[in-house]
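Just so you know, the sequence shown maps onto residues 1 to 186 in UniProt numbering. For reference, the structure discussed in these notes is given below.
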Amino acid sequence: MAKKYNWKILLEEVDNNPYLDDFYKSMKSWSFHLQIFFLNSRFKQIQNISKTNSTIIQDRSIYEDYEVFTKNLFDSGILLKREFKNYKRLYNTILEYVKVPDLLIYIRNKNINNIVNNIKKRNRKFEKKINTEYLKNLNNYYENWIKHYSNKNLLIIDITNKDFIKNSKDLKNIYNIIETKINELT
Numbered sequence: 001m002a003k004k005y006n007w008k009i010l011l012e013e014v015d016n017n018p019y020l021d022d023f024y025k026s027m028k029s030w031s032f033h034l035q036i037f038f039l040n041s042r043f044k045q046i047q048n049i050s051k052t053n054s055t056i057i058q059d060r061s062i063y064e065d066y067e068v069f070t071k072n073l074f075d076s077g078i079l080l081k082r083e084f085k086n087y088k089r090l091y092n093t094i095l096e097y098v099k100v101p102d103l104l105i106y107i108r109n110k111n112i113n114n115i116v117n118n119i120k121k122r123n124r125k126f127e128k129k130i131n132t133e134y135l136k137n138l139n140n141y142y143e144n145w146i147k148h149y150s151n152k153n154l155l156i157i158d159i160t161n162k163d164f165i166k167n168s169k170d171l172k173n174i175y176n177i178i179e180t181k182i183n184e185l186t
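This is the structure we're talking about:
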């Protein structure tokens with residue numbers, strides 16, 4: 001998408017993340033550190049976005065950090081209550097300085113096997129032992145978050161039975177859906 005429209009993309013900071021490896025080895029020990037790292041990283045991205053007039057795509061929003069990942073870690077008993085409360089307080093403080101995105105695109109994929117295959121294709125060392133139940137839980141948290149997302153500038157694209165890598169028609173349909181939504185907003 002960014003390449004097609006010559007937009008800048010801000011990716012999740014995984015290569016320079018000092019906690020990811022440790023997190024997947026011992027989630028309970030490193031979950032708070034990891035979530036704070038991502039929260040800070042995303043807030044820095046948002047600050048940089050606010051300084052430009054360029055069109056920018058973030059592959060993850062700051063909302064996902066709390067609504068999906070942190071809530072899942074807490075509800076699963078991995079993140080301690082005091083860590084969760086501390087994170088939530090910091091998150092809410094940061095949100096006071098965050099402009100709602102012009103458009104939030106949620107790429108829905110309900111097929112866990114597809115998600116697992118995509119993770120395998122990325123071939124990241126720290127993701128090799130990701131638990132399928134963990135991924136199912138994340139998917140459920142995503143669905144719950146999106147169901148309650150109150151900003152009208154939301155676009156849901158279901159790719160459950162699509163293959164936009166191998167099927168150019170699927171990719172073209174996705175572009176058309178996005179372009180239609182962008183035209184509605186302008």
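All residues carry an ideal CB built from backbone N, CA and C; glycine is no exception.
- [ ] Take Tyr-141 as the anchor and find which of Ile-177, Asn-86, Val-116 and Thr-70 has the nearest alpha-carbon.
- [x] Thr-70
- [ ] State whether the segment 158-165 contacts the segment 93-100, with contact taken as three or more CB pairs (one from each stretch) at a distance under 8 Å.
- [x] no
Task: Nearest to Asn-114 (by Cα), restricted to the options Ile-62, Asp-75, His-148 and Ile-165 - done: Ile-165
Task: Sub-9 Å separation of Ile-46 and Ala-2 beta-carbons - done: no
Open item on the list: Can you check which of these residues, Asn-139, Pro-101 and Val-68, is closest to Lys-110 by C-alpha distance?
Closed with: Asn-139
Task: Limits of the unbroken alpha helix (DSSP H) element including Tyr-115 - done: Note that residue 115 corresponds to Ile in the displayed sequence, not to Tyr. First-last of the alpha helix (DSSP H) with Ile-115: 112-122.
Open item on the list: Between which residues of its own chain and Ser-31 is the CB-CB distance below 6 Å, once the five residues before and five after are set aside?
Closed with: Leu-73, Ile-78 and Leu-79
Task: Inter-residue spacing [alpha-carbon to alpha-carbon] between Asn-86 and Lys-28 - done: 16 Å
Task: Check whether Arg-108 and Ile-146 have beta carbons under 9 Å apart - done: yes
TODO: Measure the beta-carbon distance from Tyr-5 to Phe-126 and round it to whole angstroms, keeping in mind my assumption that it falls under 8 Å.
DONE: About 31 Å; that fails the 8 Å criterion.
Task: Boundaries (first-last residue) of the alpha helix (DSSP H) holding Lys-172 - done: 168-185
Open item on the list: Measuring only from the beta carbon, is Lys-125 closer than 8 Å to any heavy atom that is part of the ligand FMN?
Closed with: This structure does not include the ligand FMN; it has no bound ligands of any sort.
Task: CB contact flag (Tyr-66, Lys-44, <9 Å) - done: no
TODO: Write down the C-beta distance between Ser-54 and Lys-99 rounded to the nearest angstrom, noting that I regard them as a contact closer than 8 Å.
DONE: Not confirmed; about 15 Å, so no contact.
Open item on the list: Alpha carbons only, please: which of Glu-64, Glu-133, Ser-168 and Lys-129 is nearest the one belonging to residue 188?
Closed with: The structure shown does not extend to residue 188, since the chain is modelled only from 1 to 186, so the question has no answer here.
Task: Neighbourhood of Asn-151 by C-beta distance below 8 Å, restricted to the same chain and skipping five residues each side - done: Val-100, Pro-101 and Leu-104
- [ ] Identify whether Lys-71 lies in helix, strand or coil by the three-state DSSP scheme.
- [x] helix
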